[in-house]
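Visitor:
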Amino acid sequence: LGGSNTFLIIASVQEVTAVCISPDSTAVAIARADGVVSFYVMNSNESELKFAHTWNPQMNRPIVELFFLDGARQAKNQEQFWRHCLVVAEGGRRLALFECEDWRCLGRVRFESSLEIATFSVHVDPQARYAHILDVDGSNVFCVELEYSEHPRFAGVTQVTFSHPIVAIVPYEVDTEEKHDSS
Numbered sequence: 085l086g087g088s089n090t091f092l093i094i095a096s097v098q099e100v101t102a103v104c105i106s107p108d109s110t111a112v113a114i115a116r117a118d119g120v121v122s123f124y125v126m127n128s129n130e131s132e133l134k135f136a137h138t139w140n141p142q143m144n145r146p147i148v149e150l151f152f153l154d155g156a157r158q159a160k161n162q163e164q165f166w167r168h169c170l171v172v173a174e175g176g177r178r179l180a181l182f183e184c185e186d187w188r189c190l191g192r193v194r195f196e197s198s199l200e201i202a203t204f205s206v207h208v209d210p211q212a213r214y215a216h217i218l219d220v221d222g223s224n225v226f227c228v229e230l231e232y233s234e235h236p237r238f239a240g241v242t243q244v245t246f247s248h249p250i251v252a253i254v255p256y257e258v259d260t261e262e263k264h265d266s267s
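The sequence shown finishes on residue 267 if you use the working numbering, and the numbering steps up by one all the way, no holes.
Here you go:
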């Protein structure tokens with residue numbers, strides 16, 4: 085964050101369950117086992133992080149991952165980074181979209197598996213247009229489309245089931261444009 089000598093020391097009795105650095109490296113969000121998320125921002129005049137806000141997204145479970153939904157799409161203009169985030173709880177089964185100015189919940193979705201103790205892994209593509217949820221034990225991949233207008237929203241979910249186990253997925257690039265051969 086901000087330089088090679090920047091570090092953050094947090095004194096907390098609660099276990100840290102997730103850490104997310106904004107795409108522009110000006111903010112960090114830290115989730116604790118009690119479900120509370122603390123935001124810190126880079127002071128523009130100094131190379132230190134300052135406390136900005138504490139927020140409880142009311143997931144009723146420890147948060148396991150946080151994703152800022154700015155992605156590479158924001159790099160072309162000067163919009164503020166870290167305006168929206170995706171909060172993941174219950175081992176990847178619960179997702180919630182939040183707006184990080186008024187801290188409003190914009191939507192929630194929960195995934196089921198045929199296996200009660202299924203392991204879920206959540207990944208967001210570099211453009212922040214899709215969240216991919218891997219149900220490792222159930223051999224399922226859920227693709228959640230995120231649509232953007234004023235705020236992001238869950239636009240659709242696709243489930244693909246495989247007959248063989250899946251170890252990992254890595255969303256690299258998702259292209260939604262049709263390619264036409266001009267020959």
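Heads up, the beta-carbon is just placed ideally off N, CA and C, and yes, glycines get one too.
I'd like to check one pair, Y214 with E229: are the Cβ atoms closer than 8 Å?
Guide: In the sequence shown, the residue the question calls residue 229 occupies position 145. In the sequence shown, the residue the question calls residue 214 occupies position 130. Yes.
Visitor: Check whether the Cβ atoms of A111 and Y124 lie closer than 8 Å to each other.
Guide: In the sequence shown, residue 111 corresponds to position 27, counting from 1. In the sequence shown, residue 124 corresponds to position 40, counting from 1. Yes. Within cutoff.
Visitor: Is E196 helix, strand or coil by DSSP?
Guide: The residue given as residue 196 occupies position 112 in the sequence shown. Note: E196 maps to coil in three-state DSSP.
Visitor: Please report the Cβ distance between A117 and V148, rounded to the nearest whole angstrom; I am assuming they are in contact, meaning their Cβ atoms lie under 8 Å.
Guide: Taking the sequence shown and counting its residues from 1, one reaches residue 117 at position 33. Taking the sequence shown and counting its residues from 1, one reaches residue 148 at position 64. That belief does not hold up - the Cβ atoms of A117 and V148 are roughly 10 Å apart, past 8 Å.
Visitor: Taking D186 as the reference, give the member of G176, Y232, V225 and H137 with the closest Cα.
Guide: Counted from its first residue, the sequence shown places residue 186 at position 102. When only C-alpha atoms are compared, the closest one is H137.
Visitor: To the nearest angstrom, how far is it from the Cα of L154 to the Cα of I105?
Guide: For the purposes of this step, residue 154 is taken as residue 70 along the sequence shown, with counting starting at 1. For the purposes of this step, residue 105 is taken as residue 21 along the sequence shown, with counting starting at 1. In the sequence under discussion, the amino acid at residue 154 is Asp, which differs from the Leu named in the question. Each residue's Cα considered, the two are about 11 Å apart.
Visitor: Taking only three categories from DSSP, how would you classify E185?
Guide: Working through the sequence shown from its first residue, we reach residue 185 at position 101. If DSSP states are grouped into helix, strand and coil, E185 belongs with coil.
Visitor: CA-CA distance, H235 and Q142?
Guide: On the sequence shown, position 151 is the one that residue 235 refers to. On the sequence shown, position 58 is the one that residue 142 refers to. Rounded to whole angstroms, H235 to Q142 spans 20 Å at the Cα level.
Visitor: K207: which of S122, N127, G119 and F152 sits nearest, CA to CA?
Guide: Within the sequence shown, residue 207 is the residue found at index 123, counting from 1. Checking the sequence, you will find His at residue 207 rather than Lys. Cα-wise, what sits closest to H207 is F152.
Visitor: Which residue comes first and which comes last in the beta strand (DSSP E) that contains E229?
Guide: Walking along the sequence shown from the start, residue 229 turns up at place 145. N224 to Y232 is the span of the beta strand (DSSP E), which, as asked, contains E229.
Visitor: Taking all protein chains shown into account, decide if G82 is buried (16 or more other Cβ within 10 angstroms of its Cβ) or exposed.
Guide: Shown here, the chain extends from 85 to 267; a query on residue 82 therefore has no answer.
Visitor: According to DSSP, is E149 helix, strand or coil?
Guide: Counting from 1 along the sequence shown, the entry for residue 149 is found at position 65. E149 falls in the strand class under three-state DSSP.
Visitor: Since V100 sits in a beta bridge, which residues does DSSP pair it with?
Guide: For the purposes of this step, residue 100 is taken as the residue at position 16 of the sequence shown. BP columns for V100 point to R116.
Visitor: What's the C-alpha gap between N144 and C189?
Guide: Numbered from 1 along the sequence shown, position 60 holds the residue referred to as residue 144. Numbered from 1 along the sequence shown, position 105 holds the residue referred to as residue 189. Those two C-alpha atoms are separated by around 14 Å.
Visitor: Would V171 pass as a contact of L150 if the rule is Cβ separation under 8 Å?
Guide: In the sequence shown, the residue the question calls residue 171 occupies position 87. In the sequence shown, the residue the question calls residue 150 occupies position 66. Their beta carbons are under 8 Å apart, which means V171 touches L150 by this criterion.
Visitor: When the distance is taken between beta carbons, is R167 closer than 8 Å to R178?
Guide: For the purposes of this step, residue 178 is taken as residue 94 along the sequence shown, with counting starting at 1. For the purposes of this step, residue 167 is taken as residue 83 along the sequence shown, with counting starting at 1. No; because the gap between Cβ atoms is not below 8 Å, this pair is not in contact.
Visitor: Here's a check: name, in chain order, each residue in its chain whose Cβ is nearer than 6 Å to the Cβ of T203, leaving out the five neighbours to either side.
Guide: Within the sequence shown, numbered from 1, the residue matching residue 203 stands at position 119. For T203, where only same-chain residues beyond five positions count, the Cβ hits under 6 Å are V220 and D221.
Visitor: In the DSSP output, what is A173 paired with across the bridge?
Guide: By 1-based counting over the sequence shown, the position of residue 173 is 89. Answer is I147 and R178.
Visitor: If you reduce the DSSP assignment to three classes, tell me which class Q243 lands in.
Guide: Locating residue 243 in the sequence shown gives position 159, where the first residue counts as 1. Correct three-state label for Q243: strand.
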